[in-house]
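In what follows, a single structure is set out as structure tokens and then discussed.
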Amino acid sequence: MKALLTDLANEQAALDCLVADIRDDQWSVMTPFSEWTVQDQVSHLAFFDGAAFLAMTDPQAFQAQSATFPADETVFDVTLDKGRRMAPADLLAWWRRERDSLLGALGSREAKDRIEWFGPPMSVRTLATARLMETWAHGQNIVDALDLKRPATARLRHIAQLGYITFGWSFFNRRLDPPDKLIRLELLAPGGDTWAWGPDAADETVRGPAEDFCLVVTQRRHPYDTGLEWSGPATEQWLLYAQAFAGPPTFGPRPGRFPRTRE
9 MKALLTDLAN EQAALDCLVA DIRDDQWSVM TPFSEWTVQD QVSHLAFFDG
59 AAFLAMTDPQ AFQAQSATFP ADETVFDVTL DKGRRMAPAD LLAWWRRERD
109 SLLGALGSRE AKDRIEWFGP PMSVRTLATA RLMETWAHGQ NIVDALDLKR
159 PATARLRHIA QLGYITFGWS FFNRRLDPPD KLIRLELLAP GGDTWAWGPD
209 AADETVRGPA EDFCLVVTQR RHPYDTGLEW SGPATEQWLL YAQAFAGPPT
259 FGPRPGRFPR TRE
């Protein structure tokens, strides 16, 4: 758990470094996600880091807050109001406070403790992993909007793990039964190692770069625009529906929206 929290803090710090020095006018640049600006992306992270802290420290207050949220995609707009009224420096300060409070709360609990959240309850470990995933995914929107560069890191393993274990959720969230197939996932890690999940004798397999898989399960790239390879209809359906985050079902970008990550 300590290593996971270190990775979460490092992912947050990496994004902080990307946005801390951008010009004020760049905060209003539109990103490729739901017509949100760069400022909206950081507002969303600050809001949900605060919501996660509330869920851990005052579950009743969290449930009362979440009960007021819409059940459709407009729920995400609720998370943006406060940040939209802030100057960029104040927004960054808010996000830093919320994420620091959350890291403290996460570090005070056992990894297997259950926490109420949007969608099904999850363990403290999974909640920390989800916050890392969200930080990286919304950071990708900012990277795309401002044409920035960032290296792929071993922290992607947490996101890939979350993407794999949300196989069933990606279907149930759309009121569909998941395919009755055993799936194996084999990914090329940034350092050259192979990360694998699932049995060797699985019915179908997904293979490719870890970064590409993470882009797909966070709906930042269409699977057809990546270097991923899959072996059958169940894995293709999964990659088209994959959603590693809580909330109502959504889809990622259309095919061809972004250049292929690998030729």
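For the record, in the sequence shown the residue sitting at position 124 is 132 according to this note's numbering, with numbers rising by one throughout.
All residues carry an ideal CB built from backbone N, CA and C; glycine is no exception.
By the C-beta criterion, the segment 158–175 is judged to be in contact with the segment 215–225, since at least 3 inter-stretch pairs fall below 8 Å. Our two residues, T39 and L111, have alpha carbons roughly 27 Å apart in a direct line. The beta carbon of P263 sits closer than 7 Å to the beta carbons of H230, Y232 and D233 from its chain, once the five residues preceding and following it are set aside; these are given in chain order. When C-alpha distances from L248 are compared across A145, T226 and N18, the shortest belongs to T226. The three-state reading of DSSP puts T243 in helix, counting H, G and I together. The secondary-structure analysis by DSSP pairs E124 with nothing; it has no beta-bridge partner. Straight-line spacing of the CA atoms in L12 and G235 works out to 27 Å. Separation of the CB atoms of A162 and A209 is rounded to 28 Å, and the pair is thereby denied contact status at 8 Å. With fewer than 16 other beta carbons inside 10 angstroms of its own, V86 counts as exposed. The beta carbons of S178 and A250 sit closer together than 8 Å.
Between the alpha carbons of D185 and W246 lies a distance of about 11 Å.
Taking the Cα positions, A69 is about 18 Å away from D121. Between the alpha carbons of W125 and A59 lies a distance of about 9 Å. For T134, the enclosing alpha helix (DSSP H) starts and ends at V132 to L154.
Classified as exposed, E118 has fewer than 16 neighbouring CB atoms from the shown chains inside 10 Å of its CB.
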